[in-house]
Amino acid sequence: MELFKLQLKRFIKNKILFVLTAIFVLASIVFMLLQLPGVSSSSSSSLRLLSQSLLVSYPLAILCMFISFEFLVKAKTNNAYEYLVSLRSALPSYYISGISVLALIIMVYSTVVFLMNVIFYIAFSTVYIEYIIHIFLNVLLNSFLIPLTFIFIGAALTFVKKRMTGYALIIFICLLTSPVLTVIGTQLHSDAGVNIFKIVDLFDFMPPLLNWTPIYSFGYSVLPYRFFKTGFFAFLAITVITRFIYKNYRLSSKIAAPASLFISGLMLFLYVQPASIVTLGLNPYNGCHADQHYYNGIDEIYEEKVADFNIISYKLDFIIKNELTAAAEIQVSAKDLCDFQFTLYHGYVITKITNEKGEELRFTQKSDYVTVYSNKNLEKLIMYYHGSAPRFFANRQGVSLPGYFPFYPQKGFRNIYNKDEYGFDKFTQTDTYSFDVSVDSKKKVYCNLAKTGDNTFSGISNSLTLVSGLYDSYIHNNIEIVYPYMLIDKGAAADESFTMDKMLSEADKFLTNRLDGKDIKRIICVANMNNASPFERLCVYSDHITAIALNSLDYYYENQRFSGDKRRLYEYIDIYKNMRQAYDTRLDMAKSEKSEQAKLIVLLDEKIKLLGETPVIEKAAEYFNSEDNRSAFEFLESLR
1 MELFKLQLKR
11 FIKNKILFVL
21 TAIFVLASIV
31 FMLLQLPGVS
41 SSSSSSLRLL
51 SQSLLVSYPL
61 AILCMFISFE
71 FLVKAKTNNA
81 YEYLVSLRSA
91 LPSYYISGIS
101 VLALIIMVYS
111 TVVFLMNVIF
121 YIAFSTVYIE
131 YIIHIFLNVL
141 LNSFLIPLTF
151 IFIGAALTFV
161 KKRMTGYALI
171 IFICLLTSPV
181 LTVIGTQLHS
191 DAGVNIFKIV
201 DLFDFMPPLL
211 NWTPIYSFGY
221 SVLPYRFFKT
231 GFFAFLAITV
241 ITRFIYKNYR
251 LSSKIAAPAS
261 LFISGLMLFL
271 YVQPASIVTL
281 GLNPYNGCHA
291 DQHYYNGIDE
301 IYEEKVADFN
311 IISYKLDFII
321 KNELTAAAEI
331 QVSAKDLCDF
341 QFTLYHGYVI
351 TKITNEKGEE
361 LRFTQKSDYV
371 TVYSNKNLEK
381 LIMYYHGSAP
391 RFFANRQGVS
401 LPGYFPFYPQ
411 KGFRNIYNKD
421 EYGFDKFTQT
431 DTYSFDVSVD
441 SKKKVYCNLA
451 KTGDNTFSGI
461 SNSLTLVSGL
471 YDSYIHNNIE
481 IVYPYMLIDK
491 GAAADESFTM
501 DKMLSEADKF
511 LTNRLDGKDI
521 KRIICVANMN
531 NASPFERLCV
541 YSDHITAIAL
551 NSLDYYYENQ
561 RFSGDKRRLY
571 EYIDIYKNMR
581 QAYDTRLDMA
591 KSEKSEQAKL
601 IVLLDEKIKL
611 LGETPVIEKA
621 AEYFNSEDNR
631 SAFEFLESLR
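Taking this note's numbering, the leading residue of the sequence shown gets 1, the next gets one more, and so forth.
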């Protein structure tokens, strides 16, 4: 304890390190506070404040590495290193107490950040304990554990022989863990087809999703893989530290460093395990662009095939941990067929398929298509599989599995992805089925079917939707609204979009005008993962609706009447009429692009300037409301 006090005094007396730390702490807190007047006092603002808190975590980590190196390397620069080595327990005590001082500082800082977020959230929002835990885990990981890891790295660098070499390594680590590596990875992949994204992801300590519109049902990632990655580097650095500080201690040198190295290896092993990761970055193998990259790379084209059998019922057992694990028991109608065709997203790997007697059946799985072979009368088959999808996650933090997405086997071969739309097509069956669903998850799961127990559901529908995370539900006119509670803006004006009253009003209007007569029991908000397809934004099933938000339902529904460039023209004209500034921004961007989408808005603008906006908009309305099959380019070119 005395040595700890001495180290604390030494840190305070070091004017450069103390002032640098104080300036950063105060500046980051001011930076976070300055965000508050710019947003309304609401729960969504609480999520934004958390994002600002996480934004400074990486600069904090880099600062901690530098301060740790500068603070602990003083033993060498003051010629005290040999003296510490000669005294029993002096060198280990020096490093342990020095690291403890720095750990205390970031612990105090993390506590302040946590309290700021919690106080603001409690003061202006409907309080959910689940979200307070979410704040705690984010601050623990990003504001404490990651900076602590960089403190260990800085301490490990003090054992290099030359101080300038230490500085060079610090600069190298800064570049390696910065967004620069992501840019290099993206450039290498696009120019040379070289994939270094596994290395990029390993060294990326920035919290994902910060540069995107918040995923309100998910928040910010505190998934286990991020803790494992942090632990890998922390214990790797501890291995180096213990190797040097205990090198004159026989027992400690034989235990400490090998034990730390073993834990580091274990953390790396756990980190690389398959998991459902939620990210929206530029990685073509993970995130919102992964599916487009996958389907563009498929050489073999599969033809759609109508199944020669019907499905009578599903019994689906899901286990949700790091990824989705499932056992799908399917009762089929045609017992004497030799093969059965199913569509199942390619990210779910089938381990085995059995009949009702437990006998294994032969099968093939190619892309999204599964063929099951049977030479006997088959009444039921049980399909066992596991995996994940980049845009439709199922993990410990949340679930977003909408009904149009085949996360469970569906009959026939169907194309589920539209390359032109950059998204998934509407994939729902016209038939209805009997569902019996069980979900093994520590979180409360919401479903379109009637609840029968703790995360168990049953009922009849043409599709199945599962969500969980930062959700709540509200009964309105006998319809259950399942929504992310962080999406509701309690402090907004009554006529603004993100209020409960406004959203309920929008839902009522949509149901009355568009779906009058349909027996809709639930409206379920699914995660907005940069959804491109109109069916990803809104999909109507036999008993429920999925949507990325409760506002703009009518617009999303109208958008489904068109496909391809006709829909894009409809969107551009809608933006031109209602959001002129956004239209001008998109037009300016398009002038420097070469894509077909860019050419379309440029051509539209030329026609508006040549003929006037009223004639163009009126002619476009006739084009949209007719069976005109011309492309949008052909339509615009015909305008005179």
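C-beta atoms are modelled at their ideal positions from N, C-alpha and C, and glycine is treated no differently. Predicted model, so just to flag it, every value in this text is computed and none were measured.
Taking 8 angstroms as the limit between beta carbons, can you name the residues of its chain near residue i, skipping five residues before and five after?
i    : result
K419 : Q292, Y295 and N296
F309 : V332, S333, A334, L337, F340 and K411
T430 : N462
I382 : A327, A328, E329, I330, I353, T354, N355 and E356
A155 : S68, F69, L72, Y95, G98, I99, A237 and I241
A494 : Residue confidence for A494 is low, a pLDDT of 41 falling below 50, so the modelled location carries little weight and cannot support an answer.
P409 : A328, I330, F342, T343, L344, V370 and M383
I298 : S367
Y555 : D574
Taking residue i as the reference, give the member of the options with the closest Cα.
i    : options                   : result
S469 : L603, Y220, T126 and L611 : According to the sequence displayed, residue 469 carries Gly and not Ser. Residue Y220 is the option with its Cα nearest to G469.
S438 : A168, M32, Y314 and A256  : Y314
H476 : M503, P484 and D574       : M503
E359 : E506, S542 and N377       : N377
A290 : F424, I132, N117 and I608 : F424
L553 : I298, N513, I23 and I16   : N513
F457 : S434, S533 and N14        : S434
G459 : G453, L449 and E637       : L449
V399 : K451, C174, V526 and K521 : V526
L148 : H134, F218, I133 and P59  : P59
T428 : D436, L91, N14 and I416   : I416
Q597 : N531, G564, K380 and A192 : G564
F172 : V139, I350 and L157       : L157
I261 : L91, N551 and G231        : For clarity, residue 261 is Leu in the given sequence; the question names Ile instead. Comparing Cα positions, the closest option is G231.
G281 : D440, G185 and A621       : G185
Y572 : V616, N138 and C539       : V616
So, at 7 angstroms on beta carbons, what are the nonlocal neighbours of residue i in its own chain, with the 5 sequence-adjacent residues on each side left out?
i    : result
Y446 : V467, S468, Y471, S473, V482 and I524
K305 : Q341, G412 and F413
L611 : L639
Q365 : I350
A697 : Examination of residue 697 is not possible in this model, given that the chain is present from 1 through 640 alone.
Could you check how far apart the C-beta atoms of residue i and residue j are, in whole angstroms? I think they sit under 8 angstroms.
i    : j    : result
F393 : S276 : 5 angstroms
R537 : I548 : 5 angstroms
M32  : I153 : Incorrect: roughly 26 angstroms between the Cβ atoms, too far for contact.
A636 : L603 : Checking the displayed sequence, the identity of residue 636 turns out to be Leu instead of Ala. Between L603 and L636 the Cβ distance is about 5 angstroms, and since that is below 8 angstroms, they are a contact.
V30  : N138 : About 20 angstroms separates the two Cβ atoms, so there is no contact after all.
Output yes or no for whether 8 angstroms exceeds the beta carbon distance between residue i and residue j.
i    : j    : result
T643 : P402 : The question about residue 643 has no answer here: the residues shown for the chain are numbered 1 through 640.
S57  : P207 : yes
F405 : Y348 : no
S110 : S46  : no
F197 : Y285 : yes
S388 : E323 : yes
F510 : Y557 : yes
R391 : M529 : yes
R567 : N559 : yes
L600 : L639 : no
L210 : L34  : no
F235 : F159 : no
Y485 : Y128 : yes
V194 : L181 : no
I479 : R522 : yes
L102 : I23  : no
Short of 6 angstroms in beta carbon distance, which residues of its chain neighbour residue i, apart from the five on each side in sequence? Order them along the chain.
i    : result
T325 : I319 and H386
E496 : At E496, the pLDDT of 44 sits below 50, so the modelled position is not reliable; the number obtained from the coordinates is stated separately. So the list is empty, once near-sequence residues are dropped.
G38  : Caution applies to G38, whose pLDDT of 49 falls short of 50 and renders its modelled position unreliable; the value that the coordinates give is listed next. Result list for G38: empty, nothing under 6 angstroms.
T177 : F203 and F205
A620 : I573
How would you write the range of the beta strand (DSSP E) that residue i sits in, first residue to last?
i    : result
G453 : A450 to G453
R163 : Unbroken run through R163 is the alpha helix (DSSP H), R163 to L176; no beta strand (DSSP E).
T364 : R362 to K366
R522 : R522 to C525
Would you kindly report the start and end of the unbroken alpha helix (DSSP H) that includes residue i?
i    : result
R10  : E2 to K13
H134 : I129 to V139
A549 : Per DSSP, A549 belongs to no alpha helix (DSSP H) and is neither H nor E.
Is there a C-beta anywhere in chain B that falls below 8 angstroms from the one on residue i?
i    : result
Q331 : Note that chain B does not occur in the displayed structure, where there is just one protein chain.
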